[in-house]
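See structure below.
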Amino acid sequence: MQIEVCRSDIPEAERSERLDLAKDLTRRAVEQLRSAIYALNHSSDADRTSLPEMLEQLGVVHMPDELAVSVRVGGTPSELPGDAEHALLRIAGEALFNAAVHAHANRAVLRLTYRADSVLLSVSDDGDGDPARMRL
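Those letters in the sequence shown? Residues 564 to 699, per my numbering, in order.
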């Protein structure tokens with residue numbers, strides 16, 4: 564988003580600030596993904612952290628301090644394949660990051676609902692984003 568703005572006709576000083584912000588946001592996103600991948604790849608079955616616990620850690624450790632994240636779990640938790648957990652962590656991380664940075668949210672809720680044959684992850688926040696303006 565910041566890089567797209569830089570393509571427009573804006574003053575050099577503002578362009579530089581926006582590029583610095585884009586660089587910082589990208590660095591933080593990469594760190595977040597590396598941490599999630601590390602957690603998934605370096606846990607044995609004996610000390611494996613559950614997906615709800617990893618989502619809690621994601622909200623506390625890897626998000627800006629201004630964003631308070633809570634995790635709510637519904638249904639009966641079950642073990643998921645590692646690639647499914649990894650995908651859910653990436654999706655949650657990206658959604659939280661976008662809520663904090665683009666929607667300026669102060670609070671976000673991750674809802675993880677286990678069903679008999681599926682799992683549902685939803686994210687809500689108090690940010691100022693307008694869902695009607697989403698690009699599809």
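Don't be surprised by glycine CBs; every beta carbon is placed ideally from N, CA and C.
If I follow the unbroken alpha helix (DSSP H) through residue i, where does it start and stop?
i           : result
leucine 652 : 645-664
Select from the options the residue whose C-alpha is nearest the C-alpha of residue i.
i             : options                           : result
alanine 671   : Ala576, Asp628 and Gly645         : Asp628
alanine 668   : Ala658, Gly637 and Glu616         : Ala658
alanine 592   : Gly645, Gly656, Pro574 and Thr639 : Gly656
arginine 590  : Arg578, Ile654, Pro574 and Phe660 : Phe660
threonine 639 : Leu675, Pro694, Asp688 and Asp572 : Leu675
By how many angstroms is the C-alpha of residue j removed from the C-alpha of residue i?
i           : j           : result
leucine 582 : glycine 692 : 22 Å
valine 686  : leucine 652 : 12 Å
With 16 other CB atoms within 10 Å as the buried threshold, where does residue i fall?
i             : result
leucine 614   : buried
aspartate 680 : exposed
List the whole-angstrom C-beta distance separating residue i from residue j, where the pair is believed to meet the contact cut-off of C-beta under 8 Å.
i           : j           : result
leucine 630 : leucine 673 : Not a contact, Cβ separation roughly 11 Å.
alanine 662 : glycine 690 : 5 Å
Tell me which residue opens and which closes the beta strand (DSSP E) that residue i is part of.
i           : result
leucine 673 : 670-677
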